[in-house]
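Numbering (the UniProt record's numbering), first residue to last: 1 to 368. Data block below; observations after.
Pasting the structure below:
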């Protein structure tokens with residue numbers, strides 16, 4: 001007769017899957033987020049409750065991802081990428097149009113397929129380079145570039161330049177970490193710089209206006225430059241220690257646009273000042289540092305590339321959002337990771353964090 005093991009020892013390995021350091025860092029950022037969101041969304045009843053539900057969903061997704069072995073992620077790489085491309089094509093053909101953009105599709109529930117590609121793209125390229133480990137030549141980089149260009153072009157066409165740039169960055173990080181030559185990289189930079197006049201002509205009018213407002217927002221202070229001017233005023237008015245929680249005038253007098261989502265950093269800066277910003281930056285540095293440690297210790301080429309790319313995605317989110325709010329980058333729809341209100345981005349970030357935890361957890365299981 002076979003003796004069954006007690007229930008707890010059997011389910012324990014599947015429940016206690018979170019990486020302690022990474023979980024603590026994310027929890028601290030989310031705590032700051034809820035405090036700030038309460039102030040920023042005080043005129044939006046139910047916003048905090050909705051975000052708490054979003055956080056719960058993100059943690060469930062994180063837990064599921066942390067339980068999936070990296071080997072299984074490799075098997076799913078091509079199907080997930082192919083499914084994402086198919087959805088992007090479907091969006092281009094018969095997607096839903098909102099505010100002049102065709103970004104969504106109704107599959108019983110309304111989804112934005114471009115969000116899938118933020119994880120599917122590095123997953124696919126990490127799989128691609130894993131299959132060619134030790135024999136990566138310029139032809140492999142060319143194929144990887146094509147695999148990256150297809151979803152980026154489809155997303156930019158929607159138009160959604162912000163998400164297209166994030167997907168481009170996610171894929172580029174994998175290609176760079178796979179061993180892209182500095183000579184090729186310099187050549188790409190020179191080519192992009194030389195093609196800027198052509199790229200300028202293909203941008204939509206509103207995208208060109210965003211770039212012009214970055215250069216001189218005062219040229220249209222009550223129109224296109226309003227967002228940048230008001231957010232930079234909020235960031236600067238916080239001073240050293242901020243105006244205090246719930247005392248941000250720019251936010252509560254409704255000068256800051258999208259203050260619970262893309263511009264929540266302006267609300268945070270005004271109320272908590274430079275000291276609060278340094279704390280938040282320190283937490284993001286810890287988040288990125290922990291991710292890079294996981295990437296450095298990953299056991300396979302695939303997991304190293306995937307962990308490194310996901311970690312750099314976190315960096316890109318934070319850098320672009322803070323740069324946008326501070327007036328050093330054009331305004332694009334990029335949320336501040338784990339701070340901005342919204343379910344889709346939070347679930348995507350939770351999925352990325354869960355994959356990092358899976359890589360770290362299964363490395364330990366292999367070693368033991």
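The C-beta atom is built at its ideal place from N, Cα and C for all residues, glycine as well.
Runs of the alpha helix (DSSP H) lying entirely within the segment 110-149 and spanning at least 4 residues, in chain order: 114-131. For the pair residue 256 and residue 226, the Cα-to-Cα distance works out to about 9 Å. Between the alpha carbons of residue 44 and residue 340 lies a distance of about 14 Å. In this structure, residue 199 sits away from residue 171, with a CB-CB distance that is not shorter than 8 Å.
Relative to the Cα of residue 245, the nearest Cα in the group 32, 321 and 228 belongs to 32. Annotation: residue 182 is outside any beta strand (DSSP E); the continuous alpha helix (DSSP H) that includes it extends over 182-194. In the structure shown, residue 345 falls within a helical segment according to DSSP collapsed to helix, strand and coil. From the listed residues 337, 76 and 203, the smallest Cα separation to residue 122 is found for 76. Shortest Cα-Cα distance from residue 346 to any of 138, 149 and 118 involves 118.
No Cβ-Cβ contact shorter than 8 Å links residue 62 with residue 280. Residues of the same chain with a CB within less than 8 Å of the CB of residue 156, apart from the 5 flanking positions on each side, are 164 in chain order. Assignment of residue 34 by DSSP, reduced to helix, strand and coil, places it in the helix class. A Cβ-Cβ separation of about 15 Å leaves residue 105 out of contact with residue 151 under the 8 Å criterion. Of the candidates 266, 37, 72 and 160, the residue whose Cα lies closest to the Cα of residue 88 is 160. Annotated as distal: residue 27 and residue 66, with beta-carbon spacing of 8 Å or more.
Taking the Cα of residue 252 as reference, the smallest distance to any Cα among 42, 23, 343 and 24 is reached at 42.
If only uninterrupted alpha helix (DSSP H) runs of at least 4 residues are considered, none is enclosed by the segment 152-176. Rounded to the nearest whole angstrom, the C-alpha separation of residue 24 and residue 235 is 27 Å.
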